[in-house]
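First to last, the sequence lines map onto chains E and W. In this text, residue positions in the first sequence follow the numbering used here: the first is 79, and each later residue adds one. In this text, residue positions in the second sequence follow the numbering used here: the first is 65, and each later residue adds one. Read the structure below first, then the notes.
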Amino acid sequence: MAGYIGNLALFFSLIFNGFLIFSLIKGIRNNDFKNSKIINFFNNSIFFLLLISFLTLIYCFIVSDFSNVAVYQNSHTTKPLIYKISGAWGNHEGSMVLFILILSLFSFVFARTKVSEKLKFYTVFFQSILILIFLIFLILTSNPFDQMDPKPSQGLGLNPILQDPLLAIHPPFLYFGYVGFSLVFSFALAGLVTNNFDKSWSKIANFWIILPWSLLTVGIGLGSFWAYYELGWGGYWFWDPVENASLMPWLAATALIHSNIVTLKKDKLHSWTALLSIFTFIMSLLGTFLVRSGVLNSVHAFANDPYRGVYILSTILFITFFSLAIFIIKSPKKSLYGEYSFLQKDNFILINNCFLIFFLSVILVGTVYPIILDAISGKSISVGPVYYHTILAPFLFAFLFFMSHGPLISWNKEDKFLQIKNFKIFFPISIAISSVIIFWFFDYKDIILILGLLFSVYLIVSVIFDWISQKKLSLNFGRLVSHLGFGTLIFAIFVNAYLSKEINAAMKVGEEITIQEFVIKFKSINKIKKENYEEVFGNFLVTNKKKQVELTPSIRKYDQPVQFTSETSIKTNFIVDYYFAINLSEFEKDKIMVRFYYKPLMFWIWFSILLIAFGGIYQTFRLRNE
Amino acid sequence: MRKYFFIIIFFILSSNVFSASEELKNKIYKNIRCIVCQGQSIYESNSDFAIDLKKLISKKLENGENEKQIYEFLISRYGDWIVYNPGLNINSLALWLLPLIIFITGGFLIFRLNSKKKK
Chain E
79 MAGYIGNLAL FFSLIFNGFL IFSLIKGIRN NDFKNSKIIN FFNNSIFFLL
129 LISFLTLIYC FIVSDFSNVA VYQNSHTTKP LIYKISGAWG NHEGSMVLFI
179 LILSLFSFVF ARTKVSEKLK FYTVFFQSIL ILIFLIFLIL TSNPFDQMDP
229 KPSQGLGLNP ILQDPLLAIH PPFLYFGYVG FSLVFSFALA GLVTNNFDKS
279 WSKIANFWII LPWSLLTVGI GLGSFWAYYE LGWGGYWFWD PVENASLMPW
329 LAATALIHSN IVTLKKDKLH SWTALLSIFT FIMSLLGTFL VRSGVLNSVH
379 AFANDPYRGV YILSTILFIT FFSLAIFIIK SPKKSLYGEY SFLQKDNFIL
429 INNCFLIFFL SVILVGTVYP IILDAISGKS ISVGPVYYHT ILAPFLFAFL
479 FFMSHGPLIS WNKEDKFLQI KNFKIFFPIS IAISSVIIFW FFDYKDIILI
529 LGLLFSVYLI VSVIFDWISQ KKLSLNFGRL VSHLGFGTLI FAIFVNAYLS
579 KEINAAMKVG EEITIQEFVI KFKSINKIKK ENYEEVFGNF LVTNKKKQVE
629 LTPSIRKYDQ PVQFTSETSI KTNFIVDYYF AINLSEFEKD KIMVRFYYKP
679 LMFWIWFSIL LIAFGGIYQT FRLRNE
Chain W
65 MRKYFFIIIF FILSSNVFSA SEELKNKIYK NIRCIVCQGQ SIYESNSDFA
115 IDLKKLISKK LENGENEKQI YEFLISRYGD WIVYNPGLNI NSLALWLLPL
165 IIFITGGFLI FRLNSKKKK
């Protein structure tokens, strides 16, 4: 019954969307933008219908209505409530409903903001075309309300590694980011078509770029944090194609945030900003395709159905083709680029964009190239961390260097005094602090580590310097926090990569081993039984010099479906994480495989990501209040 | 005194040797794809395939083979796909060159914008 309502709501939202597009076209053809009441009515109705549909789906999951195929395949009666709810978007069908709901939500909120009627009409038009495309996709290939008869008495259950509180909120954040970029995409097309791509466009767009960017940052951070504590391999970023898929729109949007500042402040670089707005959303779509189509093998590929892949791929090609066609025909001609000189902020933003697009292309090529090579020549290659580290590292150093100087340079090229003053003070201080830190902490001889620390410290010092020389802090607070976060992130990543330690061993209860500077004692073992799994805890005592840490990792045996997972135990003192995971041993039945990791500055990696996102969120609030 | 000194040196050296071989082992494990798994390296996997390969690799290391020889052996047996580091060869040329071409193009455009205004 509930499924019936959900299906009906979905169907009606499609019909209303048809009405909306029809009345928009009518308004646009007659050049009459006064009749926005009817537009708002349809736009709002679509949002509420989709919301009903989504809530109904959640309801089906909560009451375990197994006549629903999606519920049957992804849920189970013994699952805790929170995972029944999150199961609603933990599968292909449900996540597509969420995808469309967010498309509609952005359209709904946007229509309530102060924008000229004409721009509003066009933006809502492009947005509703997107909704149409994905609604058809949903209804034709992946209807979440498909019924099955007879109704099974029990469901198949949700993959246990997805049964995690963080993973319940990770997909919504990620989707708000991914799908959120659709609005600036539609808004850019609207700006181009109506020849309104100018400063005032930039001012409004700013909010719609930074908001999803901040949410995407949080989403990526949550995913990474989950991988760190749930997978039990001590790592937090694996250059898995799915992780890369989320980083691509993030990088494109970061470039867009910066180029849009130039458009806003100097009224130039319009066409580049427009192109990036389009490109960012296309990267989101590409990510969706990579993740959903099953061309990648990954935990995120819920269902490998070639039809879905073909549909999404043709959709991407269609959207790309048409948006680029609009861009080429309507690309703003006036004051395309304007003047640049080397020591000017605009120029540093161009350099920033060049680097970000390079990082993006590395990840894009690294992710897509093996798929294309396989399709063309049948040869399979794997692109892993070594490739990314090798090609990214040298450019990252240069990027950090420019990033340290860009914000300190003035918009106005005549303003030489400020720059010279900045250089004279900042340069020696920064060099001095960087060298002190490097010689104090590390007698490592690795040049990559030293360069990484040098440049990240250089950036951090420059941000602090910039911070204290602000006249009105609130103006640049968001940027300062985000840049500071980026500096500390790179610092923490480098320290972590080079100073982490790991120990792998097979141990019996009562055994004590000494490896490197660590003494690990396997004290005892105990068992508990929970609603949908059994859990075996190992109690370990790790001694490092004088410091003692107790850790209790465990192995869980889930009933539905039967699967073993390894739960990590992590103790942190904000400087270093002690990380422990255990696995069943295949050969020696009386022993347990233990993995111990000593991971410095992990806390700072998470904290830095939060800083980056916080800078963005602060900025969106400031923009909203303006 | 001297005796203790040598003992300490011995321990430092032996612990280094131990951790170096252990580190190398882990480095190789992390660079080998577990071809029966979903996007994992054999380091991260406990599948039979991964365990067999890990045993094989550590045996080969004990026999004195180096990292490169092990990769070559695995590639000849399972194809390029097994190694996560694609290296530089005819198949992966575009992989390394495309991003660099994009970067150089971008740099060139910025350079042209900068020199334009002098006219």
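Don't be surprised by glycine CBs; every beta carbon is placed ideally from N, CA and C.
Counterpart residues of residue i in DSSP-defined beta bridges
i	result
ILE648(E)	TYR657(E)
ILE93(E)	DSSP, once it has assigned bridges, lists no residue as partnering ILE93(E).
ARG634(E)	GLU613(E) and THR643(E)
LYS677(E)	ASP655(E)
VAL147(W)	ILE96(W)
PHE618(E)	PHE600(E) and LEU629(E)
ILE670(E)	MET585(E) and LEU662(E)
ASN146(E)	GLN225(E)
Residue-level contact to chain W via CB, residue i, 8 Å cutoff
i	result
ASP318(E)	yes
GLU580(E)	yes
TRP279(E)	no
GLY301(E)	no
VAL377(E)	Bear in mind that a pLDDT of 49 at VAL377(E), under 50, signals an unreliable position, so the model cannot answer this.
TYR253(E)	no
PRO463(E)	yes
Beta carbon proximity, residue i to chain E, threshold 8 Å
i	result
VAL147(W)	yes
LEU159(W)	yes
GLU126(W)	no
SER184(W)	Since the first and last residues shown for chain W are 65 and 183, residue 184(W) lies out of range.
ILE121(W)	no
PHE167(W)	yes
ILE106(W)	no
ILE92(W)	no
LEU162(W)	yes
SER156(W)	yes
GLY171(W)	yes
Residue span of the beta strand (DSSP E) that contains residue i, given as start and end
i	result
ALA583(E)	579-585
GLN626(E)	625-629
GLU590(E)	590-593
Closest by C-alpha distance to residue i, when choosing among the options
i	options	result
SER131(E)	PHE89(E), ILE571(E) and LYS115(E)	PHE89(E)
GLY563(E)	LEU688(E), SER547(E) and TYR675(E)	LEU688(E)
VAL202(E)	PRO631(E), LEU537(E), LYS344(E) and ASN118(E)	ASN118(E)
LEU537(E)	GLY556(E), ILE93(E) and SER560(E)	SER560(E)
GLY269(E)	PHE204(E), GLY233(E) and ALA330(E)	PHE204(E)
SER401(E)	VAL388(E), SER439(E) and PHE359(E)	PHE359(E)
LEU210(E)	LEU325(E), ASN651(E), PHE177(E) and ILE546(E)	PHE177(E)
GLY693(E)	ASP242(E), PHE652(E), LEU267(E) and ILE335(E)	ILE335(E)
ASP318(E)	TYR93(W), GLY128(W), LYS119(W) and SER105(W)	SER105(W)
PHE275(E)	ILE528(E), TYR636(E) and LEU353(E)	LEU353(E)
ILE509(E)	PHE543(E), ILE581(E), ILE298(E) and ILE116(E)	PHE543(E)
ILE427(E)	ARG370(E), SER362(E) and ASN338(E)	ASN338(E)
ILE247(E)	ILE160(E), TRP328(E), ILE515(E) and LEU395(E)	ILE160(E)
ALA323(E)	LEU252(E), TRP311(E), ALA333(E) and HIS348(E)	LEU252(E)
LEU553(E)	PHE699(E), ARG370(E), ARG673(E) and PHE212(E)	PHE699(E)
GLY103(W)	LEU470(E), LEU662(E), ILE459(E) and SER513(E)	ILE459(E)
Extent of the continuous alpha helix (DSSP H) run through residue i
i	result
ASN431(E)	423-455
GLY693(E)	680-703
GLN133(W)	131-142
ASN122(E)	114-140
THR155(E)	Neither: THR155(E) is in no alpha helix (DSSP H) and is coded neither H nor E.
ASN604(E)	Here ASN604(E) belongs to no alpha helix (DSSP H); instead the beta strand (DSSP E) covers 596-607.
GLU39(E)	The structure shown has nothing for residue 39(E), since chain E only spans 79 to 704.
LYS118(W)	112-126
MET226(E)	Segment: none, MET226(E) is in no alpha helix (DSSP H) and carries neither H nor E.
ASP544(E)	525-546
TRP328(E)	319-344
LEU289(E)	277-309
Beta-carbon separation (whole angstroms), residue i vs residue j, contact threshold 8 Å
i	j	result
ALA166(E)	ILE136(E)	5 Å
TRP291(E)	GLY255(E)	7 Å
LEU125(W)	SER85(W)	7 Å
SER206(E)	LEU98(E)	5 Å
VAL620(E)	ILE603(E)	With a Cβ gap of about 16 Å, VAL620(E) and ILE603(E) do not count as contacting.
ILE121(W)	ILE92(W)	6 Å
ILE591(E)	LEU478(E)	About 41 Å; that fails the 8 Å criterion.
ASN149(W)	VAL464(E)	4 Å
Any non-hydrogen atom of the ligand ADP closer than 7 Å to residue i Cβ
i	result
TYR611(E)	Looking at this structure, you won't find the ligand ADP or any other ligand, since it has none at all.
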